Amino acid sequence: MKIKMLKKSHSIIILFVVVGALCGGAAGAFFGLTRDLPQIRGLEDFQPSAVSRIFSSDGALLDELFIHKRDPVPLSEIPPYLSQALLTTEDRQFYKHSGVDLKGILRAVVRNVKTGRFAQGASTLTQQLSRTLFLTPRKTLVRKIREGILALQLERRYTKDEILTLYLNQVYFGSGAYGVQSAATIFFNKNVRELNLEECALIAGMPQSPSRYSPLLNKGLATRRRNIVLRQMRDTGIITDAEYERAFRAPVITAPKSPRTRTAPFFVSFIKHELETEVGSDQLYKGGLTIETSLSQKLQVAAEQSIRQGLTDLKARMEKNGIGSPEPEAALIAIDIQTGGILAMVGGHDYLKSQFNRAISAIRQPGSAFKPFIYALAIERGFAQHQQILDAPVVFKGALKGTDWRPENFSTTYQGEITLRKALTHSKNIPAVRLIEMVGPDAVVRFARKLGISSPLETNLSIALGTSGANLLELTAAYAVFANGGQRTEPYGAMTVVQKNGRILWQARPEKTLALSATTAAIITDMLQGVIKEGTGKSALRLNRPVAGKTGTTNDYKDALFIGFSPDVAVGVWVGRDDHGTLGDGETGARAALPIWTMFMDQALSDTTYKRFNIPEDVVKMAMDPVTGRQISPDSPLAVPALFRMEMVPGK
177 MKIKMLKKSH
187 SIIILFVVVG
197 ALCGGAAGAF
207 FGLTRDLPQI
217 RGLEDFQPSA
227 VSRIFSSDGA
237 LLDELFIHKR
247 DPVPLSEIPP
257 YLSQALLTTE
267 DRQFYKHSGV
277 DLKGILRAVV
287 RNVKTGRFAQ
297 GASTLTQQLS
307 RTLFLTPRKT
317 LVRKIREGIL
327 ALQLERRYTK
337 DEILTLYLNQ
347 VYFGSGAYGV
357 QSAATIFFNK
367 NVRELNLEEC
377 ALIAGMPQSP
387 SRYSPLLNKG
397 LATRRRNIVL
407 RQMRDTGIIT
417 DAEYERAFRA
427 PVITAPKSPR
437 TRTAPFFVSF
447 IKHELETEVG
457 SDQLYKGGLT
467 IETSLSQKLQ
477 VAAEQSIRQG
487 LTDLKARMEK
497 NGIGSPEPEA
507 ALIAIDIQTG
517 GILAMVGGHD
527 YLKSQFNRAI
537 SAIRQPGSAF
547 KPFIYALAIE
557 RGFAQHQQIL
567 DAPVVFKGAL
577 KGTDWRPENF
587 STTYQGEITL
597 RKALTHSKNI
607 PAVRLIEMVG
617 PDAVVRFARK
627 LGISSPLETN
637 LSIALGTSGA
647 NLLELTAAYA
657 VFANGGQRTE
667 PYGAMTVVQK
677 NGRILWQARP
687 EKTLALSATT
697 AAIITDMLQG
707 VIKEGTGKSA
717 LRLNRPVAGK
727 TGTTNDYKDA
737 LFIGFSPDVA
747 VGVWVGRDDH
757 GTLGDGETGA
767 RAALPIWTMF
777 MDQALSDTTY
787 KRFNIPEDVV
797 KMAMDPVTGR
807 QISPDSPLAV
817 PALFRMEMVP
827 GK
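Here this note's numbering is used: position 534 in the sequence shown is 710, and no number is missing along the way.
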């Protein structure tokens with residue numbers, strides 16, 4: 177009897193040990209499966225990454241920025257047909273189960289045993305969501321168990337409608353579309369609210385195999401899959417037989433396939449670079465931001481057309497002269513005089529071939545386009561445009577790093593004593609060098625800095641001829657100072673960055689400084705008008721508007737520029753080759769760049785009112801003899817109207 181009792185006790189102990197071991201193993205296994213599961217309590221604040229959009233000042237969409245294209249929408253904006261179709265195909269028991277469908281799991285187990293592999297998953301919609309949000313798509317038994325645990329946690333914490341909303345905004349539909357709104361846009365170019373029955377059915381059938389059932393990649397399979405979904409909707413009473421028949425016969429009509437927008441690509445790249453610093457990459461590519469810019473869609477189109485036509489004409493001349501590859505390039509920048517906003521930007525003839533932005537990154541010699549800065553400083557220091565300066569050959573001893581320098585006029589002809597106005601009008605080199613010698617190269621560099629030229633400048637006499645490089649944006653912004661009464665405004669592209677909730681995240685606050693007096697600005701503007709009326713810029717006269725500007729040409733015709741302005745917009749054009757080769761004999765700023773500038777300005781000014789440049793009260797207009805610089809009768813055929821300080825009016 178005692179032995180039997182001992183055996184019974186021993187059996188009970190063994191049973192407890194086995195049960196304990198099983199329980200402990202199960203507990204350990206459960207702990208192992210759950211110890212590093214993500215926390216779901218933060219989903220109340222979950223913000224799926226959303227598309228940021230860049231707009232022009234006139235409301236045109238320039239580009240979309242995203243890592244995954246996703247536009248979250250509330251359940252109230254999603255057609256019932258779409259949510260019902262998804263539930264019919266993906267999880268008919270959604271509103272009945274607690275996150276895991278046990279019957280479905282048993283069916284899947286039987287199927288997987290029969291096939292000998294892990295093929296059918298029987299995942300509920302909640303399980304799919306937990307996998308999408310927290311886990312990898314890799315098919316393993318461990319992942320499946322973890323997926324179920326997370327699904328149960330989601331169901332305990334959130335309502336069915338909240339889970340459904342998350343799913344509809346998170347699931348992948350192929351072609352870069354995450355969420356139903358992006359799918360509606362990419363496949364049908366519609367807002368999700370506008371989808372009809374057959375479109376809802378097509379989208380609902382895609383999560384099972386997004387690429388296989390994509391209407392953009394395989395319209396036949398997509399149509400068959402859509403019709404299966406329609407049949408399921410009819411069989412479950414969601415739609416009537418009549419609705420089914422009509423939708424079944426409807427053709428699949430998708431939005432025309434087009435590449436992502438390439439509107440103003442150089443400008444868009446410039447904006448992205450600017451805002452990555454200001455707001456950060458995460459916000460920029462995931463934050464669903466609305467980015468408003470200064471760019472005018474109308475002027476951008478005009479800029480691109482002008483560049484295209486100008487380069488076509490230039491290439492024809494180059495081919496005629498036997499000059500081959502590489503092809504010439506061009507850049508254009510347009511700036512609002514008052515605000516500093518960039519209105520148009522072209523950094524090259526083809527962004528797909530080269531993303532190098534020649535409008536902001538190319539440091540090229542400006543040639544004679546630099547001369548106005550020297551003349552403006554001289555005017556600021558008390559010179560007047562009627563004053564005489566010697567235009568004759570000269571040698572500057574030790575001027576360039578200890579060596580003698582013999583500058584020449586472009587034409588290699590000289591006129592002796594000429595006025596400052598005529599010297600600038602006809603882009604004479606010798607007077608410009610003599611003038612910089614008078615005011616000092618160091619002073620010219622400091623003055624250029626005040627105007628916004630930040631590129632390195634050599635402090636020698638040769639900068640009078642534009643031998644130090646600068647980029648087109650800073651040169652054009654510096655010219656804008658002349659038109660803006662001496663006020664310099666830092667150029668910018670992005671105006672405001674607005675978050676999804678409507679709060680302004682960032683706003684441009686361009687720095688404004690007084691770079692030179694309004695008097696000097698008016699006089700140098702008048703002299704630059706003379707370039708167009710009487711000098712190298714005459715072809716712009718056809719605009720029949722008050723405009724001012726200056727040509728620029730470098731040695732061997734490697735660079736051609738024209739930078740000019742109206743009272744409202746400053747525009748710079750550069751033409752050249754990336755290898756610094758020649759454009760060909762005679763391809764000056766007046767021939768290669770000015771036609772592009774004029775074409776652009778013709779369109780830019782077409783819808784604007786006639787406007788004159790402002791003249792301050794301490795400045796007077798007098799008729800001047802262009803040769804002697806003396807005051808003459810306005811009725812004289814030689815008379816040139818010119819601006820002077822009241823105390824500097826020339827004698828008769």
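Positions of the beta carbon are idealized from the N, C-alpha and C atoms, including for glycine.
As the structure is a prediction and not an experimental result, all values here were calculated from the model.
- Rounded to the nearest angstrom, the Cβ distance from residue 339 to residue 330 is 6 Å, consistent with a contact under 8 Å.
- Secondary structure note for residue 349: its beta strand (DSSP E) is the uninterrupted segment 348-350.
- Rounded to whole angstroms, the Cβ separation of residue 730 and residue 591 is 23 Å, and the two are not in contact under 8 Å.
- CA-CA distance, residue 402 to residue 372, rounds to 13 Å.
- Per DSSP, the beta-bridge partners of residue 690 are 663.
- By the neighbour-count criterion, in which a residue is buried when 16 or more other Cβ atoms sit within 10 angstroms of its Cβ, residue 449 is exposed.
- Under the three-state reduction of DSSP output, residue 763 falls in the coil class, being neither helix nor strand.
- A residue is called buried when at least 16 other Cβ atoms come within 10 angstroms of its Cβ; residue 531 does not meet this threshold and is exposed.
- The stretch 765-773 makes no contact with the stretch 549-562: fewer than 3 CB pairs, one atom from each, lie closer than 8 Å.
- Here the alpha carbon of residue 681 sits roughly 13 Å from the alpha carbon of residue 458.
- At least 9 Å separates the beta-carbon of residue 561 from that of residue 594.
- Linking residue 673 to residue 536 through their CA atoms gives a straight-line distance of about 22 Å.
- Taking a C-beta distance under 9 Å as the contact criterion, residue 670 and residue 462 do not qualify as a contact pair.
- Residue 354 carries a strand assignment under DSSP once its states are collapsed to helix, strand and coil.
- Judged by pairs of C-beta atoms under 8 Å, the stretch 491-503 touches the stretch 748-768, as three or more such pairs exist.
- Taking all protein chains shown into account, residue 525 has 16 or more neighbouring C-beta atoms within 10 Å of its C-beta and is therefore buried.
- Distance check between residue 270 and each of 341, 255, 737, 677 places 341 closest, using alpha-carbon atoms only.
- According to the DSSP secondary-structure assignment, residue 773 is paired through a beta bridge with no residue.
- Taking the Cβ atoms as the reference, residue 662 lies roughly 7 Å from residue 696, within the contact range of under 8 Å.
- Residue state for residue 582 is assigned as coil, using DSSP reduced to three classes.
- Residue 623 is positioned such that its CB atom lies no closer than 9 Å to that of residue 698.
- Annotation for residue 539: 631, 645, 646, 647 place their beta carbon closer than 8 Å to its own, counting only its chain and skipping 5 residues before and after.
- For residue 540, the beta-bridge partners assigned by DSSP are 646.
- Residue 519 holds the alpha-carbon nearest to the alpha-carbon of residue 652 among 638, 519, 405, 472.
- Put simply, the stretch 243-255 does not touch the stretch 378-386. Fewer than three CB pairs are less than 8 Å apart.
- Counting the other CB atoms within 10 Å of its CB gives residue 267 a total of 16 or more, which places it among the buried residues.
- In terms of Cβ geometry, residue 383 and residue 305 do not form a close pair [threshold 9 Å].
- Residue 712 is classed as buried because its beta carbon has at least 16 other beta carbons within 10 Å across all chains shown.
- Taking residue 614 as the centre and dropping the five residues before and after it, the same chain places the C-beta of 554 closer than 8 Å to its C-beta, in chain order.
- For a cut-off of 8 Å, the C-beta gap from residue 573 to residue 580 is around 6 Å, short enough to register as a contact.
- Exclusion of the five residues before and after residue 337 leaves 251 as the residues of its chain whose Cβ lies within less than 8 Å of its Cβ.
- Its chain contains 544, 712 as the residues whose beta carbon lies nearer than 6 Å to that of residue 603, once the 5 sequence neighbours on both sides are disregarded; these appear in chain order.
- In the displayed model, residue 368 falls within a helix according to three-state DSSP.
- Remark: C-beta atoms of residue 707 and residue 724 approach each other more closely than 9 Å.
- Short of 8 Å from the beta carbon of residue 605, and not among the five residues preceding or following it, lie these beta carbons of its own chain, in chain order: 544, 583, 584, 585, 586, 640, 641.
- Beta-carbon to beta-carbon, residue 466 and residue 238 are separated by about 12 Å, too far to satisfy the 8 Å threshold.
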